[in-house]
Amino acid sequence: MLRFTLERLVGMIVTMVLVSMMVFLIMEIPPGDYADRYAFRKYSGTGIAITEADIEAIRHDFGLDKPMALRYVDWIGNIVLHGDFGQAFAFETDVTKVIGDKVWLTMAILFGTLLLTYLIAIPIGIYAAVRRASFADYGLTIFSYLGLALPNFLLALILLYFVNLWFGADIGGLFSTGMSDAPWSFAKAWDLIKHLWLPAFVLAWSAVAYQIQTIRATMSDELNKLSVTAARARGVPETKLLIKYPARLAINPVVSTIGFDVNRIFSELPIVAVVLGLTELGELLLNAYLDLDMYVAGAILLMLTFVIVLMNFISDLLLAWLDPRIKLGSN
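Counting along the sequence shown from 1, when you hit position 90 you're at 90 in UniProt numbering, and nothing is skipped either side.
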C-alpha cells in the first residue's frame with residue numbers, strides 16, 4: 001500500500017507541474033496584456049496620446065516585459081516556496097486578499113455537495129438493487145431519469161419560488177442579511193450551514209440520479225456472484241453479507257468518479273451561483289480573464305485544478321482500500 005501511495009503521489013506531483021504550465025499558457029493566450037487594459041482605462045477620454053513607449057513603461061512596472069518562461073518560473077516558484085500567487089493588477093493588492101473567503105466558500109459548497117451526493121446515492125442505490133423490480137425500484141428509476149433531464153439552474157429557480165411562496169423565506173445567498181460582512185464566529189458558521197443545503201442539493205441533483213443508477217447496476221451484478229451465494233450458504237446474516245461483499249465492490253465505480261464529480265460541480269457552479277446569489281470563484285475568474293488580470297485568473301484555475309487532481313489521488317487510495325486487487329495489480 002505504501003508503494004502504491006508513493007506512485008500515485010509522484011503521479012499527482014507530475015500532473016500538477018504539467019497543469020501549472022497549461023494554466024500559465026492559457027493566461028498568455030489572449031492578445032495583449034493588462035498593460036494595454038490599464039492604459040485604456042486610465043487615459044481613455046482624457047485626450048492624452050499614449051505611445052508604445054508609454055505602454056512598455058507600464059508593462060515594465062507590472063513586470064510583464066520579462067520573457068514568458070522567466071515569468072512562469074517566478075510565478076510557480078513564489079507559489080510553492082512562499083504561497084504568493086502574485087499581484088492582482090485590477091485590485092492593486094495581492095491575489096490572496098482578492099480571492100479571500102471566496103476560496104473557502106467555494107470549497108464549502110463543493111464538499112457539501114459531494115457529501116450530500118454520496119450520503120443519498122449510495123444507500124438508495126443499494127436498496128434499489130436489493131429490491132429490484134419492486135415499486136420502490138421503479139420509482140427511484142423515474143426519479144433518476146428526472147434528475148438527469150432537469151437542469152440544475154432550473155431546479156434552483158423552482159426551489160427559490162416555492163420556498164418563498166410557502167414559507168415567505170429568502171434562501172438565496174450563503175448568509176443571512178448582515179452576516180456576510182461579520183467576522184467569522186460559530187454563529188456565522190452555523191448561518192453558512194443553514195444556507196448551504198440549497199446549493200448543495202441543487203448541484204447534487206444530477207449526480208445523485210446518475211450515481212443511483214450506477215450503484216444499482218453494479219450492486220445487481222455483485223449480488224449474482226458465487227461468493228455471495230456461498231456466503232449465504234454459510235449462514236452469514238444478510239445485512240453483514242451485503243456490506244462485506246457486494247456493497248463494498250459495488251461502490252468502486254462511484255469512488256473512481258469522485259474527480260469527475262468535482263469537475264462537474266465546478267462547471268455547473270457559476271450559473272447556479274448567479275441564480276442563487278452565491279459568493280464563489282466563478283464570476284471572479286470570468287472577470288479576471290476578461291480584464292487580463294492574469295495572476296488572479298491563474299490562481300483560481302490552479303486552485304480548482306489542484307482540487308480535482310487531489311480528489312483523484314484520494315479516489316485512487318480509497319479504491320485500493322476497498323478492493324485490494326487494485327494495488328496488487330499495480331505491482
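Cβ coordinates follow ideal geometry from the N, Cα and C atoms, glycine included.
Coarse secondary structure for residue i, derived from DSSP in three states
i, result
"threonine 177", "coil"
"proline 30", "coil"
"phenylalanine 62", "coil"
"glycine 147", "helix"
"lysine 225", "coil"
"arginine 234", "coil"
"isoleucine 99", "helix"
"alanine 133", "coil"
"proline 270", "helix"
"aspartate 323", "coil"
"isoleucine 120", "helix"
"alanine 49", "coil"
"threonine 15", "helix"
"aspartate 185", "Looking at the sequence itself, residue 185 is serine, so the reference to aspartate does not match. Of the three classes helix, strand and coil, the one that applies to serine 185 here is coil, per DSSP."
"isoleucine 251", "coil"
"methionine 1", "coil"
"threonine 257", "coil"
"lysine 246", "Note on identity: in this sequence residue 246 is proline, with lysine being the wrong assignment. DSSP places proline 246 in helix when its eight states are reduced to three."
"proline 67", "coil"
Bridge partners - residue i, DSSP secondary structure assignment
i, result
"residue 393", "As shown, the chain starts at 1 and ends at 331. That puts residue 393 outside it, with no answer to give."
Beta-carbon gap between residue i and residue j smaller than 9 Å
i, j, result
"residue 333", "threonine 93", "Beyond the ends of the chain as shown, which are 1 and 331, falls residue 333; an answer cannot be given."
"alanine 231", "leucine 241", "yes"
"leucine 317", "arginine 8", "yes"
"leucine 116", "phenylalanine 201", "yes"
"phenylalanine 89", "aspartate 291", "yes"
"aspartate 137", "arginine 216", "yes"
"alanine 149", "leucine 198", "no"
"isoleucine 55", "alanine 39", "yes"
"asparagine 152", "valine 73", "no"
"valine 307", "valine 254", "no"
"isoleucine 109", "leucine 174", "yes"
"threonine 257", "serine 315", "yes"
"leucine 278", "valine 296", "no"
"asparagine 312", "glycine 235", "no"
"leucine 223", "proline 237", "no"
"alanine 204", "leucine 114", "yes"
"tyrosine 289", "proline 31", "no"
"phenylalanine 4", "alanine 320", "yes"
"tyrosine 34", "aspartate 323", "no"
"valine 309", "threonine 15", "yes"
"methionine 68", "glutamate 28", "yes"
"leucine 160", "valine 274", "no"
"phenylalanine 111", "glycine 298", "no"
"glutamine 211", "isoleucine 79", "no"
"threonine 229", "asparagine 252", "no"
Distance cut-off 8 Å: residue i Cβ against heavy atoms of the ligand COA
i, result
"alanine 204", "What this structure holds is no ligand at all, so the ligand COA is not there to describe."
Would you call the stretch 300-308 in contact with the stretch 127-137, where contact means no fewer than 3 C-beta pairs closer than 8 Å?
They do not touch, by the three-pair rule.
Completely contained alpha helix (DSSP H) runs for the stretch 274-301, where each covers 4 or more residues:
Qualifying alpha helix (DSSP H) stretches, in chain order: 281-290.
Is it the case that the stretch 136-143 contacts the stretch 267-283, given that we only count it when at least three CB pairs across the two stretches are under 8 Å?
Flag = no, the stretch 267-283 and the stretch 136-143 do not touch.
Pair every Cβ in the stretch 4-19 with every Cβ in the stretch 58-73, then say whether three or more of these pairs are closer than 8 Å.
Flag = no, the stretch 4-19 and the stretch 58-73 do not touch.
Between the stretch 122-129 and the stretch 98-112, are three or more C-beta pairs nearer than 8 Å?
By the Cβ criterion, the stretch 122-129 is not in contact with the stretch 98-112, since fewer than three pairs of Cβ atoms, one from each stretch, lie closer than 8 Å.
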